[in-house]
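Quick note: the sequence shown, position 497, residue 552 per the working numbering, numbers continuous. Every residue, glycine too, gets a C-beta built ideally from N, C-alpha and C. Step one of this worksheet: look at the structure below.
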Amino acid sequence: MPVFLIIALGSYEKTLQKTARPAALYIADDWGMEEELPQSSVTTVVQTRDSYLWLGTSGGLAKFRAGEFTVFDSKGGLPNGCVWSLLADEGGIWLGTWNGGLTRFADGKFTTYDVSNSNISNNVVLALHKTRDGRLWFPTVKGAVVIDPGLIKTNELPPPVVIESVLANKNLVERPAKIEMPPGNTDLEVQYTGLSFVAPEKVRFKYKLEGYDDDWTEAGARRTAYYTNIPPGKYQFRVIAANNDGIWNTEGAMLEVVAMPPFYRTWWFYALTILALGVVVYSLYKFRISRLERAPRIQEAFSQQLMASQESERRRIAAELHDSLEQNLLIIKNRALIGANKVANTDAVLKQLDEISSTASYAIEEVRTIAHNLHPYQLERLGLTSALESVIEKVSDSAAIRFSLEIDSVDNLFSPEEEINIYRIVQESLNNIIRHSGATKAKVFIKRDRQRLNLQIEDNGKGFDAHAATIDLNRTGGLGLQDITERTRMLGGKCAIHSVPNGGTSIVINIAPRTATGKTL
56 MPVFLIIALG SYEKTLQKTA RPAALYIADD WGMEEELPQS SVTTVVQTRD
106 SYLWLGTSGG LAKFRAGEFT VFDSKGGLPN GCVWSLLADE GGIWLGTWNG
156 GLTRFADGKF TTYDVSNSNI SNNVVLALHK TRDGRLWFPT VKGAVVIDPG
206 LIKTNELPPP VVIESVLANK NLVERPAKIE MPPGNTDLEV QYTGLSFVAP
256 EKVRFKYKLE GYDDDWTEAG ARRTAYYTNI PPGKYQFRVI AANNDGIWNT
306 EGAMLEVVAM PPFYRTWWFY ALTILALGVV VYSLYKFRIS RLERAPRIQE
356 AFSQQLMASQ ESERRRIAAE LHDSLEQNLL IIKNRALIGA NKVANTDAVL
406 KQLDEISSTA SYAIEEVRTI AHNLHPYQLE RLGLTSALES VIEKVSDSAA
456 IRFSLEIDSV DNLFSPEEEI NIYRIVQESL NNIIRHSGAT KAKVFIKRDR
506 QRLNLQIEDN GKGFDAHAAT IDLNRTGGLG LQDITERTRM LGGKCAIHSV
556 PNGGTSIVIN IAPRTATGKT L
């Protein structure tokens with residue numbers, strides 16, 4: 056049966072090495088920080104009866120078996136992470152540390168013994184030996200030291216913890232049981248202490264800001280905690296302490312901290328923002344529905360007014376034909392008969408013929424007026440620019456209103472149908488001024504630029520409620536305003552009517568020529 060010799064070696068550079076040698080076979084394994092060893096520097100190795108290897112390193116204590124490490128460091132209560140010597144005895148492990156004195160690990164807990172009064176420089180324990188009588192020997196630079204563990208008394212009283220003062224953004228907070236930090240105050244400083252009559256300088260602390268810190272912060276003997284850039288929220292600051300023998304007061308002291316958010320990150324601001332957005336969306340929805348519901352009514356009213364206007368126009372034409380043209384033709388007929396009966400009287404015949412000529416001329420003028428109102432023949436003969444100048448001049452001559460005119464050449468920019476609509480827009484605007492405004496002055500501006508035609512007609516008349524007139528077609532302007540708006544829409548333009556009672560009226564229209572005309576402004 057082969058015999059195995061297992062040797063565990065600790066190295067300052069080569070980590071932990073295990074050598075197994077049955078007969079002539081030699082096997083070597085290395086373990087380092089990749090296998091979770093605290094540090095690559097192994098200073099001491101000891102084996103306990105349960106077959107665990109205990110390793111002291113410059114980064115803590117490690118327990119090893121079957122290729123797995125269990126690490127103990129300052130977070131687990133080890134007073135100093137640099138372990139220089141180990142000694143196994145019944146029920147525990149003795150540890151000699153660098154600047155941490157003598158420590159015992161038993162039942163999963165570390166207990167530190169203060170041996171600073173034993174002439175041990177800086178609490179440095181580099182080697183350990185236990186004699187048969189149970190006493191511990193270890194060397195120092197000033198000689199050998201002997202300790203009887205049975206005579207060592209442990210301080211079992213955990214130190215009470217007190218929060219002494221709190222500074223928020225460097226301002227002292229009164230009665231620091233609970234503090235509320237205003238928006239923008241994100242820096243916190245907490246000063247605390249642990250009360251111990253036995254070696255108070257050996258009291259160690261841990262603190263944690265619950266809700267902000269993931270783990271405890273090892274503060275050592277430091278008695279101040281610092282935090283910067285604390286986000287808004289509710290937190291609990293907790294601090295605990297251990298006495299010189301490592302007995303912890305796990306209750307410690309607590310402080311409630313509330314970092315107030317700025318107003319734009321509060322729940323009520325979010326609620327008001329959502330409510331405001333809801334009101335805006337609902338208002339836009341209602342406005343859209345109202346427009347959709349009102350559009351058919353406006354269109355229907357316009358259609359009814361348009362049909363009524365057509366019938367009225369037919370009656371007017373019939374009346375004018377009856378009252379003027381028919382009467383004049385009848386006069387011509389009668390005077391012709393009179394002239395035929397007075398053939399012998401040459402002067403009487405000539406007079407009747409002269410009357411017939413005058414009456415026929417008047418009838419011709421009446422026919423021209425009626426024809427012009429039905430269709431502006433100047434558009435085909437003279438062009439849009441001259442036709443607009445003609446109708447403005449005619450209106451100016453027939454009314455006690457002083458007109459001022461500025462018009463650019465707009466010929467051949469629009470199709471014939473579009474020119475008729477522009478002409479009717481100007482004609483209807485002028486008719487409204489004459490019939491309804493009571494104005495003494497009016498201006499007509501027709502200008503063109505590289506993109507569009509700009510038309511503006513103003514008067515200093517009595518004005519009207521433009522909003523009411525838009526809703527009710529029977530009010531001031533009546534069908535005229537709707538006709539102007541509708542014709543502008545058909546031209547693909549935009550129409551704005553500005554008017555206030557006793558403040559005059561302004562109609563502004565912008566129209567872009569259709570690409571079908573092949574022209575540019």
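Start and end residues, beta strand (DSSP E) containing arginine 159: Locating residue 159 in the sequence shown gives position 104, counting from the first residue. From DSSP, the beta strand (DSSP E) with arginine 159 extends over 157-161.
Pull up the CB-CB distance for tyrosine 247 and valine 228, whole angstroms please, since I reckon it's below 8 Å. On the sequence shown, position 192 is the one that residue 247 refers to. On the sequence shown, position 173 is the one that residue 228 refers to. The C-beta distance from tyrosine 247 to valine 228 rounds to 14 Å, too long to meet the 8 Å contact threshold.
By how many angstroms is the C-alpha of alanine 276 removed from the C-alpha of histidine 250? In the sequence shown, residue 250 corresponds to position 195, counting from 1. In the sequence shown, residue 276 corresponds to position 221, counting from 1. A quick correction: the sequence has leucine, not histidine, at residue 250. If you take the alpha carbons of leucine 250 and alanine 276, they lie about 12 Å apart.
I need the straight-line Cα distance from alanine 182 to glutamate 211, nearest angstrom please. To locate residue 182, count along the sequence shown from 1; it is residue 127. To locate residue 211, count along the sequence shown from 1; it is residue 156. Rounded to the nearest angstrom, the gap between the Cα atoms of alanine 182 and glutamate 211 is 27 Å.
Run through DSSP, which three-state label would arginine 320 get? For the purposes of this step, residue 320 is taken as residue 265 along the sequence shown, with counting starting at 1. If DSSP states are grouped into helix, strand and coil, arginine 320 belongs with the helices.
Candidates Val422, Leu92 and Trp153, of which the one nearest isoleucine 372 by Cα: If you number the sequence shown from 1, residue 372 lands on position 317. Of Val422, Leu92 and Trp153, the residue nearest in Cα terms is Val422.
Tell me where the beta strand (DSSP E) around lysine 449 begins and ends. Taking the sequence shown and counting its residues from 1, one reaches residue 449 at position 394. Segment 439-453 is the alpha helix (DSSP H) holding lysine 449; no beta strand (DSSP E) there.
Beta-ladder partner(s) of serine 140, from DSSP: Stepping through the sequence shown from its first residue, residue 140 is reached at position 85. DSSP lists Gly151 as partners of serine 140.
For leucine 460, the first and last residue of its enclosing beta strand (DSSP E): For the purposes of this step, residue 460 is taken as the residue at position 405 of the sequence shown. Start and end: 457-462.
Distance, alanine 121 Cα to isoleucine 82 Cα: Stepping through the sequence shown from its first residue, residue 82 is reached at position 27. Stepping through the sequence shown from its first residue, residue 121 is reached at position 66. Note on isoleucine 82: pLDDT 42, under 50, position unreliable in the model; the coordinate value appears next. A straight line joining the alpha-carbon of isoleucine 82 with that of alanine 121 spans about 16 Å.
Along the chain, where does the beta strand (DSSP E) that runs through valine 100 open and close? Taking the first residue of the sequence shown as position 1, residue 100 is located at position 45. Residues 97-102.
In the DSSP assignment, find the alpha helix (DSSP H) that holds valine 201 and state where it starts and stops. To locate residue 201, count along the sequence shown from 1; it is residue 146. Here valine 201 belongs to no alpha helix (DSSP H); instead the beta strand (DSSP E) covers 198-202.
What did DSSP end up calling proline 351 once you bin it into helix, strand or coil? Counting from one through the sequence shown, the residue named residue 351 turns up at place 296. Proline 351: helix per DSSP, three-state reduction.
Buried or exposed, going by whether 16 or more other CB atoms sit within 10 Å of the CB of methionine 545? On the sequence shown, position 490 is the one that residue 545 refers to. Burial call: exposed.
Give every residue of the same chain whose Cβ lies closer than 6 Å to the Cβ of glutamate 474, excluding the five residues on either side of it in the sequence, and list them in chain order. For the purposes of this step, residue 474 is identified with residue 419 of the sequence shown, where counting begins at 1. Closer than 6 Å at Cβ, skipping near neighbours: Leu434 and Leu439.
If you measure from the CB of asparagine 240, is any heavy atom of the ligand PLP nearer than 6 Å? By its list of ligands, the structure shown contains no ligand whatsoever, and the ligand PLP lies outside what it can speak to.
Comparing C-alpha positions only, which one of Val180, Gly205 and Ala199 sits nearest to arginine 190? Translated into positions along the sequence shown, residue 190 becomes position 135. Among Val180, Gly205 and Ala199, the Cα nearest to that of arginine 190 is on Gly205.
To the nearest angstrom, how far is the alpha carbon of alanine 143 from that of aspartate 269? Start at 1 with the first residue of the sequence shown, and residue 143 comes out as number 88. Start at 1 with the first residue of the sequence shown, and residue 269 comes out as number 214. The alpha-carbon atoms of alanine 143 and aspartate 269 are separated by roughly 35 Å.
Are the beta-carbon atoms belonging to threonine 99 and serine 140 less than 7 Å from one another? Here residue 99 refers to the residue found at position 44 when the sequence shown is read from its first residue. Here residue 140 refers to the residue found at position 85 when the sequence shown is read from its first residue. Contact: yes.
Along the chain, where does the beta strand (DSSP E) that runs through isoleucine 562 open and close? Position 507 of the sequence shown, counting from 1, holds the residue named residue 562. Run containing isoleucine 562: 560-566, per the beta strand (DSSP E) assignment.
Let me know if isoleucine 562 comes out buried or exposed under the rule of 16 or more other beta-carbons within 10 Å of its beta-carbon. In the sequence shown, the residue the question calls residue 562 occupies position 507. Result: buried.
Using C-beta distances below 6 Å, list every residue in its chain close to phenylalanine 165, excluding the 5 sequence neighbours before and after it, in chain order. Here residue 165 corresponds to residue number 110 of the sequence shown, with the count starting at 1. Taking phenylalanine 165 as the centre and dropping the five residues before and after it, the same chain places the C-beta of Gly132, Leu133, Thr158 and Gly301 closer than 6 Å to its C-beta, in chain order.
Quick check: alanine 494 and aspartate 520, are their CB atoms within less than 7 Å of each other? Working through the sequence shown from its first residue, we reach residue 494 at position 439. Working through the sequence shown from its first residue, we reach residue 520 at position 465. No, the Cβ-Cβ distance between alanine 494 and aspartate 520 is not below 7 Å.
For aspartate 242, which residues from the same chain have a beta carbon less than 6 Å from its beta carbon, with the 5 sequence-adjacent residues on both sides left out? As a first step, residue 242 must be located in the sequence shown, where it is residue number 187. Shown here for aspartate 242: same chain residues with a beta carbon closer than 6 Å to its own, the five before and five after excluded, namely Asn224 and Thr283 in chain order.
Say whether the stretch 453-463 touches the stretch 399-417, bearing in mind that this needs 3 or more beta-carbon pairs closer than 8 Å, one atom from each stretch. Contact between the stretch 453-463 and the stretch 399-417 is absent, with fewer than three C-beta pairs closer than 8 Å.
Determine the closest residue to valine 499 out of Arg490, Val481 and Ile489, with distance taken between C-alpha atoms. Within the sequence shown, the letter at position 444 stands for residue 499. Relative to valine 499, the option among Arg490, Val481 and Ile489 whose CA is nearest is Val481.
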